[in-house]
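Encoded as structure tokens, the structure appears first; notes follow it.
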Amino acid sequence: METQHNFKYTSELIIKFLKNELSDKEKAEFELWLKASPENNSLVESFRNTEHVQQEVNYLDAADVNKGWEEVSKQISQTPIKRLAWTKIMRYSTAAILIISVGIGVYIYNAQLKSKGINEIARVHDIMPGSKKAVLELADGSVVDLSDANLRLAAEDSNAAIGVKNGVLAFSAKRKTGNGYNVLRTPKAGEYKMILSDGTQVWLNAASSLRFPTNFNNHERRVELTGEAYFEVAHNKALPFIVSFNKTEVEVLGTHFNISSYQTYSKTTLIEGAIKVSEGTNQRLIKPGEQAFTYDGHLTVHAVDTYKSIAWKEGVFYFKDDRIKDILDQVSRWYDVDIVYNGEPNRKRYSGTIRRQATLSQVLEMLKTVSNTEYNLKDKTVTVDINK
1 METQHNFKYT SELIIKFLKN ELSDKEKAEF ELWLKASPEN NSLVESFRNT EHVQQEVNYL
61 DAADVNKGWE EVSKQISQTP IKRLAWTKIM RYSTAAILII SVGIGVYIYN AQLKSKGINE
121 IARVHDIMPG SKKAVLELAD GSVVDLSDAN LRLAAEDSNA AIGVKNGVLA FSAKRKTGNG
181 YNVLRTPKAG EYKMILSDGT QVWLNAASSL RFPTNFNNHE RRVELTGEAY FEVAHNKALP
241 FIVSFNKTEV EVLGTHFNIS SYQTYSKTTL IEGAIKVSEG TNQRLIKPGE QAFTYDGHLT
301 VHAVDTYKSI AWKEGVFYFK DDRIKDILDQ VSRWYDVDIV YNGEPNRKRY SGTIRRQATL
361 SQVLEMLKTV SNTEYNLKDK TVTVDINK
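In UniProt numbering, the protein residues as written are 1 to 388.
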């Protein structure tokens, strides 16, 4: 078994290889390591894949490198988990050593587990990430399970053809008007994309719903949201698109924006175009890169990192200066688990990204490494033991 020193040294060689800084002696050592196993080649290639790097775990803002390595080493020796590939775009080479070391360490540990059959046991008791699932409540009262990635409703609405293709729900207008309302609902651990009759695309996050007409009227395009959704609104200068949620309204003609309205407050983030946000008697025009925060009749606007609001649509948890409770709220919705706290959650803030396709145990192991917090999973409940 390789030592922790070898884990770190190998990770340093990978860093230097990626930056083209290997000495002749190091090149020889690195080539020997590559030839030792096909898996070693695969591991290095995964770090060279830009898309892979961007989607993997990044906790550099929250973790001290030396302390982080100690924690990771401890987990590798004590915890039966699947391989976690932790990576970092090569902006901070020292910190990247920690991240790649984690990938190497867990990769080697995972290989040992496979020989003992432990990984299969962990997989059985783990909780898988959310997926495309939703139900559609039609205007006539019927309910359709959208688990089938391709279907065409047997009883078509009189005003529109309704179908699902490749996991996307689409309404195609058959008449210019129609006053029936439908509701698309995603459960916890579910998300879904739909195309409204005007061509507007909507991505609905977990534990959310969208109420919308089969066809829009001749005056406006109005929908009602609970939870979170990302909109790419089809441009129509004559018919404003209006989203109602949590006593707030957003009015647009054609633009891209995200609305998060899980709490008593709401956040509307504009990606491109222009929108008008109304909360009670307050109204503000929002520009790209800005976010409107609304709560109990109050409305404030400030500049934000827009990726934080839309990362979920790209298959990523993206945290930036977030408290652990806010992070776990997202985890709860995506994995359909309850969160129970033993102790008061700390107010420290953490930054990083985690793939939404990671299993729950992988996510908890990653959080444990940086948050000084213990997580215990039993059935559908995660107990959080706060370390003071």
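Note that beta-carbon positions come from the ideal geometry of N, C-alpha and C, so glycine has one too. Computed from a predicted structure; not experimentally measured.
Can you list, in chain order, the residues of its chain with a C-beta nearer than 7 Å to that of residue i? Leave out the 5 residues immediately preceding and following it.
i: Tyr265; result: Phe293, Thr294 and Tyr295
i: Met325; result: Contrary to the premise, residue 325 reads as Lys rather than Met in this sequence. Hits under 7 Å: Pro345.
i: Val363; result: Val331 and Ile354
i: Arg349; result: Asp321, Asp322 and Arg323
i: Ala234; result: Asp198, Gly199, Thr200 and Gly254
i: Tyr375; result: Leu364, Leu367, Lys368, Val382 and Val384
i: Leu196; result: Phe171, Val202 and Phe212
i: Phe26; result: First, the amino acid is wrong: residue 26 is Glu here, not Phe. The answer, listed in chain order, is Leu13 and Lys16.
i: Asp145; result: Val135
Please state whether the Cβ-Cβ distance between residue i and residue j is less than 8 Å.
i: Ile220; j: Ile242; result: The sequence given here places Glu at residue 220; Ile does not occur at that position. Cβ distance < 8 Å, so Glu220 and Ile242 count as in contact.
i: Val304; j: Thr269; result: yes
i: Asn190; j: Ser131; result: The residue you asked about is not Asn; residue 190 is Gly in the sequence shown. A contact, by the Cβ cut-off of 8 Å.
i: Gln291; j: His298; result: no
i: Thr373; j: Ile386; result: yes
i: Ser151; j: Leu184; result: For the record, residue 151 in the displayed sequence is Leu; it is not Ser. Taking 8 Å as the Cβ cut-off, Leu151 and Leu184 do not qualify as a contacting pair.
i: Ile275; j: Glu251; result: yes
i: Phe216; j: Leu239; result: yes
Would you grab the beta carbon distance between residue i and residue j for me? Rounded to a whole angstrom, and I think it's under 8 Å.
i: Asn41; j: Leu32; result: No, Asn41 and Leu32 are not in contact; Cβ-Cβ is about 13 Å, not under 8 Å.
i: Glu232; j: His256; result: 5 Å
By Cβ distance, which residues of its chain are closer than 6 Å to residue i, with the 5 residues on each side in sequence left out?
i: Arg333; result: Lys188, Ala206 and Ala207
i: Asn258; result: Tyr230, Thr269, Ser309 and Ile310
i: Asp64; result: Reliability of the predicted coordinates at Asp64 is poor, the pLDDT of 40 falling under 50, and the value obtained from them is presented with this limitation in mind. Excluding residues within five positions, none has a Cβ falling inside 6 Å.
i: Leu138; result: Asn182
i: Gln263; result: none
i: Pro288; result: Leu270 and Glu272
i: Ser244; result: Glu224
i: Ile327; result: Phe319
i: Tyr9; result: none
Here's the rule: buried if 16 or more other CB atoms are within 10 angstroms of the residue's CB, otherwise exposed. What is residue i?
i: Glu365; result: buried
i: Ser172; result: exposed
i: Asn246; result: buried
i: Glu45; result: exposed
i: Pro38; result: exposed
i: Gly352; result: buried
i: Glu21; result: exposed
i: Lys267; result: buried
i: Lys378; result: exposed
i: Thr306; result: buried
i: Ser361; result: buried
i: Val143; result: exposed
i: Thr214; result: buried
i: Ser23; result: exposed
In its own chain, which residues sit with a C-beta less than 8 Å from the C-beta of residue i, not counting the 5 before and 5 after it?
i: Thr186; result: Lys133, Ala134, Tyr192, Leu204, Asn205, Ala206, Ala207, Ser208, Ser209 and Gly227
i: Lys380; result: Ile127, Asp336, Val337 and Asp338
i: Val340; result: Thr381, Val382, Thr383 and Val384
i: Asn236; result: Asp198, Arg221, Leu253 and Gly254
i: Asn342; result: Thr383, Val384, Asp385 and Ile386
i: Phe17; result: Phe30 and Val44
i: Arg347; result: Arg323
i: Asp148; result: Val164
i: Glu51; result: Because Glu51 carries a pLDDT of 46, less than 50, the predicted location of this residue cannot be relied on, and the following value inherits that uncertainty. No residues qualify anywhere along the chain.
Return yes when the C-beta of residue i is under 7 Å from any heavy atom of the ligand FAD, and no when it is not.
i: Ser142; result: Annotation note on the ligand FAD: not contained in the displayed structure, which lists no ligands.
Could you tell me whether the stretch 346 to 362 touches the stretch 313 to 330, using the rule of 3 or more Cβ pairs below 8 Å? yes
Per the contact definition of three or more C-beta pairs closer than 8 Å, is the stretch 162 to 171 in contact with the stretch 219 to 228? no
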